[in-house]
Amino acid sequence: MLLDLGAVLYCKTNVPQTVMTGDSDNNVFGRTLNPRNASMTAGGSTGGEGALLALRGSVLGVGTDIGGSIRVPSICNGIYGMKPSAGLIPHGGTRELTVPGTDGVRSSVGPMATTFRDCALFLKSIMQADTWKYDSNIISLPWRDLKASKKLRIGLVEDDGFYTPVPPVRRGLKKAVDKLQQSNAVEIVPLTLPKSNGWYDDLISYFTLMGNEHYLEQLNRTGEPLVPSVKALGLLSGEKTFLLSGEKTTLQRFFDLNVRRAEVARTYLRFFRDNNLDAILMPPAPHTALPLDTWTTVTSTGLWNYLDYPAVVIPVDVVADSDSIDGTSNAKYGHHDTELYKRYTGPEFYKGLPISVQLVGYRHQDEALAATAGVLDSIINGE
1 MLLDLGAVLY CKTNVPQTVM TGDSDNNVFG RTLNPRNASM TAGGSTGGEG
51 ALLALRGSVL GVGTDIGGSI RVPSICNGIY GMKPSAGLIP HGGTRELTVP
101 GTDGVRSSVG PMATTFRDCA LFLKSIMQAD TWKYDSNIIS LPWRDLKASK
151 KLRIGLVEDD GFYTPVPPVR RGLKKAVDKL QQSNAVEIVP LTLPKSNGWY
201 DDLISYFTLM GNEHYLEQLN RTGEPLVPSV KALGLLSGEK TFLLSGEKTT
251 LQRFFDLNVR RAEVARTYLR FFRDNNLDAI LMPPAPHTAL PLDTWTTVTS
301 TGLWNYLDYP AVVIPVDVVA DSDSIDGTSN AKYGHHDTEL YKRYTGPEFY
351 KGLPISVQLV GYRHQDEALA ATAGVLDSII NGE
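Pasting the structure below:
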């Protein structure tokens, strides 16, 4: 489809082994490093694309996102990335490692670029075409040119309820909010996400409906050793740490997963509607890019895959000398939060790494989110 629309495809970029980690490292092409700091991850799974865009080796790229694989590299490399609603952009012909025949949390195809204008252009170009010709599972919706006709009401969420953002992330969010509050086009409403206990465990269960058997089978077919970032996800340990470490799911448990997700979806729709929101503004992760092989959580991004809400990452700043560390007593969500909070060791090691915000809109209202993101980006980044 991209070729039919006039795209010029000129290179292939790197992804992780299993396509499910925050480091683009594999046994075939090796590791993609962060262009701003080679000791830091470029993100995953679309980290090669993110690094290439950050280096201005390309102006537009395409990734897939099932837990943050467009947005995490966008965070790490300081670019724009959009995860559309699943099924909106043709997915046929892509390769992924989810269990064939399962229909739990679906991967979404979306753009990555150095400007949000280019992300919006990608979305518009695809949706204006006959998408149904390219994918039998597509949701073929015509593009609508939407412009903000009223003051935008944006819900401000400071954290995801699992992890406390480190100082530079908090400063970046505040910087964005301060600029938005100076505009007559935006109203900021401080909010806290609804308590929906268990959704993250259920997300892991969706990813591992066959336990880790499916992933290990793919690796055992070649005798391929695990790269460090895959080991860090608990694939072999059986410890439920992240995306690849869930237990095998029975058919009844699969039904239960779907029932619980439907209830969480109703809760979040009420949350949006009761607060009359156009979008939610929040951190896309509790931290910036991390040292190699240490990115192991996607609570800030994965929620929106679980609910299939579109989301955009917008860069706002970089880590500065003023972003000094503070005490772990600021980590308010327990042991795992404290351990992750400790990873930020101050600007000496992290200086210059990008800081981003995440904007989330209604499911299947991607054009509305694109219009809202365009307005907010122009205010935040002065374009």
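Take the sequence shown: its position 240, counted from the start at 1, is 240 in full-length UniProt numbering, and no numbers get skipped. Where a beta carbon is used, it is the ideal one built from N, C-alpha and C, also for glycine. In this text, all values refer to a predicted model and were calculated from it rather than measured experimentally.
Could you check which residue in the options has the C-alpha nearest to that of residue i?
i           : options            : result
residue 61  : 120, 275, 155      : 120
residue 323 : 353, 206, 86, 212  : 353
residue 105 : 234, 125, 231, 304 : 304
residue 118 : 6, 80, 134, 39     : 80
residue 339 : 364, 294, 300, 363 : 294
residue 180 : 64, 170, 154       : 154
residue 142 : 18, 380, 372, 364  : 364
residue 35  : 378, 138, 76, 229  : 76
residue 171 : 276, 8, 320        : 320
residue 278 : 355, 210, 359, 229 : 359
residue 222 : 23, 28, 313        : 28
residue 63  : 95, 297, 228       : 95
residue 312 : 71, 24, 45, 26     : 71
residue 268 : 362, 10, 139       : 362
residue 150 : 58, 183, 214       : 183
residue 296 : 229, 213, 26, 274  : 229
residue 18  : 347, 218, 260      : 218
residue 231 : 169, 125, 289, 26  : 26
residue 111 : 289, 128, 102, 53  : 53
residue 65  : 38, 51, 98, 37     : 98
residue 5   : 125, 275, 348      : 125
residue 369 : 12, 16, 85         : 85
Sorted by chain position, which residues of the same chain lie with C-beta nearer than 7 Å to residue i's C-beta, five sequence neighbours on each side aside?
i           : result
residue 166 : 286, 287, 341, 344
residue 156 : 177, 188, 189, 190, 191, 281
residue 193 : 157, 160, 161
residue 271 : 194
Can you tell me which residues form a DSSP beta bridge with residue i?
i           : result
residue 64  : 109
residue 190 : 156
residue 312 : 82, 359
residue 31  : 25
residue 150 : The partner list for residue 150 (beta bridge, DSSP) is empty, contrary to what the question assumes.
residue 93  : Residue 93 pairs with nothing; no bridge assigned.
residue 279 : 154
residue 135 : For residue 135, which the question treats as bridged, DSSP gives no partner whatsoever.
residue 286 : In DSSP, residue 286 forms no bridge with anything.
residue 354 : 318
residue 248 : 210
residue 291 : 40
Identify, in the order they occur along the chain, each residue of the same chain with its Cβ nearer than 8 Å to the Cβ of residue i, setting aside the five sequence neighbours on each side.
i           : result
residue 332 : 164
residue 302 : 67, 68, 200, 203
residue 375 : 148, 152, 185, 186
residue 357 : 172, 173, 176, 281, 282, 283, 284, 313, 314, 316, 380
residue 346 : 323, 324, 325
residue 213 : 248
residue 9   : 2, 3
Whole angstroms is fine: what's the gap from residue i's alpha carbon to residue j's?
i           : j           : result
residue 350 : residue 31  : 20 Å
residue 310 : residue 367 : 10 Å
residue 130 : residue 3   : 14 Å
residue 254 : residue 307 : 16 Å
residue 292 : residue 14  : 15 Å
residue 135 : residue 56  : 31 Å
residue 73  : residue 47  : 5 Å
residue 263 : residue 196 : 9 Å
residue 89  : residue 122 : 10 Å
residue 336 : residue 33  : 26 Å
residue 116 : residue 20  : 25 Å
residue 107 : residue 87  : 8 Å
residue 78  : residue 252 : 42 Å
residue 265 : residue 145 : 27 Å
residue 299 : residue 1   : 32 Å
residue 7   : residue 233 : 36 Å
residue 373 : residue 83  : 13 Å
residue 424 : residue 226 : Residue 424 falls outside the range modelled here, since the chain spans only 1 to 383, and no answer is possible.
residue 44  : residue 58  : 18 Å
residue 198 : residue 261 : 10 Å
residue 220 : residue 103 : 25 Å
Terminal residues of the continuous beta strand (DSSP E) containing residue i?
i           : result
residue 41  : 37-41
residue 210 : 209-212
Which residues mark the beginning and the end of the alpha helix (DSSP H) in which residue i is found?
i           : result
residue 49  : 47-54
residue 169 : 167-181
residue 334 : Note, residue 334: premise wrong, no alpha helix (DSSP H); not H, not E.
residue 301 : 299-307
residue 127 : 116-128
residue 233 : No alpha helix (DSSP H) contains residue 233, which DSSP labels as neither H nor E.
residue 71  : 71-77
Excluding the 5 residues flanking residue i on each side, which residues of the same chain have their C-beta closer than 6 Å to its C-beta?
i           : result
residue 91  : 109, 135
residue 113 : 60, 80, 119
residue 216 : none
residue 289 : 34, 40, 41, 76, 353
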